[in-house]
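The structure appears below as structure tokens.
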């Protein structure tokens, strides 16, 4: 059970956010954390959520006496094909690799979901549980999905574009989402403005 200070600190940080809609989203995230509810993608994509989350007291997982929890068929996260990597890895095994994304090697924490072809699923919870910051490429990927970009397109963008540039674009779209009729179209328009249309063709949807 968090103390009064441990509860008020993250809420106070939420209160400093000027945008009322974002402030409400962040506070829902705090309450969701304290109530063991699932944190929504809208909360996770907010650019200030990491700072708020850093002030939250980690939840103590309940002791399980029943059979291990079986993950649903549709699992969230960024799926990466690792066909060139070792096939000796077993399903459910965690990996910690340096992975080339956006032209640079980046830290990838993931779990093996398929062996042939080898598929790795990367999720922000893996980084948080390990006490490591969520990398820009994964924050950008989650934000693209929140803006309505299709999963295949978002995965392609994350692998081709500079992660920080893509994240800046996503944050800009998220902050303007209330005035955008078609957020995914805004993303494509910004890509063209950044002169990346040739290297990131729209046909890759």
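Residue numbers (the working numbering): 1301 to 1505.
The C-beta atom is built at its ideal place from N, Cα and C for all residues, glycine as well.
Counting Cβ pairs, one atom from each stretch, are 3 or more of them under 8 Å apart for the stretch 1479-1496 and the stretch 1424-1434?
Contact between the stretch 1479-1496 and the stretch 1424-1434 is absent, because fewer than three Cβ pairs lie under 8 Å.
Hey, out of 1416, 1419, 1471, 1412, whose CA is closest to residue 1282's CA?
Past the edges of the chain, shown from 1301 to 1505, lies residue 1282, and the structure says nothing about it.
Would you kindly work out how many angstroms separate the C-alpha atoms of residue 1322 and residue 1388, rounded to a whole number?
Going by the C-alpha atoms only, they are around 45 Å apart.
Between residue 1463 and residue 1402, is the Cβ-Cβ spacing less than 8 Å?
Yes, the Cβ-Cβ distance between residue 1463 and residue 1402 is below 8 Å.
Per the DSSP calculation, residue 1419 is bridged to which residue(s)?
According to DSSP, which records beta bridges pairwise, residue 1419 is partnered with 1381, 1414.
Considering only DSSP beta bridges, list what residue 1406 is partnered with.
For residue 1406, which the question treats as bridged, DSSP gives the partners 1399.
I'd like to check one pair, residue 1330 with residue 1310: are the Cβ atoms closer than 8 Å?
A contact, by the Cβ cut-off of 8 Å.
Nearest to residue 1459 by alpha carbon, out of 1339, 1480, 1378?
Measuring from the Cα of residue 1459, the nearest candidate turns out to be 1378.
Just mark residue 1437 as buried or exposed, buried being the case when its beta carbon has 16 or more other beta carbons within 10 Å.
Label assigned to residue 1437: buried.
Which residue or residues does DSSP assign as beta-bridge partners of residue 1394?
Paired residue(s): 1411.
Does the Cβ of residue 1333 have 16 or more other Cβ atoms within 10 Å, making it buried, or fewer, making it exposed?
Buried.
By alpha-carbon positions, which one of 1327, 1381, 1434 ends up nearest to residue 1414?
Selected option, being the one with the closest Cα: 1381.
Can you name the start and end residues of the alpha helix (DSSP H) that residue 1356 belongs to?
First-last for residue 1356: undefined, no H or E at that position.
Measure the alpha-carbon distance for residue 1491 versus residue 1404 and round it to whole angstroms.
So the alpha carbons of these two residues sit roughly 19 Å apart.
Quick check on this structure: which residue in 1434, 1421, 1399 has the alpha carbon closest to the alpha carbon of residue 1531?
With the chain represented from 1301 up to 1505, any question about residue 1531 goes unanswered, as that position is not in the structure.
Suppose the cutoff is 7 Å on Cβ atoms and the five residues either side in sequence are ignored; what does the same chain contact list for residue 1417 look like?
Once the five neighbours on either side are set aside, the close Cβ partners of residue 1417 are 1381, 1383.
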